[in-house]
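Participant: The numbering used here puts the last residue of the sequence shown at 1436; the count rises by one with no breaks.
Backbone N, C-alpha and C fix where the C-beta goes; we use that ideal spot for every residue, glycine too.
Right, I'll just put the structure down here and ask away after.
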Amino acid sequence: VIEVGEKTGNLGNSMEDASGAFRSQLTLRIKTMTTLVSGLALGFAFSLVALVAISIVTSIFQVSKSISY
């Protein structure tokens, strides 16, 4: 990019174009990472809630088994 800009005499424009390309790549990577991290956080939160719910239900069943009618 720099070489072409130097040859054509438009080094400034070439650098701005390269900057725009790198900026769009960076924006896409940040968006992808944000989506991935939010998905992982949601999955972790769901697993935690499921674990608590299972432990509560299991405790209730154990208590109901120990009560004699």
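Whose C-beta lies closer than 8 Å to the C-beta of V1368 among residues of the same chain, with five residues either side of it excluded?
Facilitator: Counting only Cβ-Cβ distances below 8 Å, and skipping sequence neighbours, we find S1381, M1382, D1384 and A1385.
Participant: State yes or no: is the C-beta of L1378 within less than 8 Å of the C-beta of G1372?
Facilitator: In contact: L1378 and G1372 (Cβ atoms closer than 8 Å).
Participant: Within a Cβ cutoff of 8 Å, which residues of the same chain sit near T1401, ignoring the five residues on either side of it in sequence?
Facilitator: Result list for T1401: empty, nothing under 8 Å.
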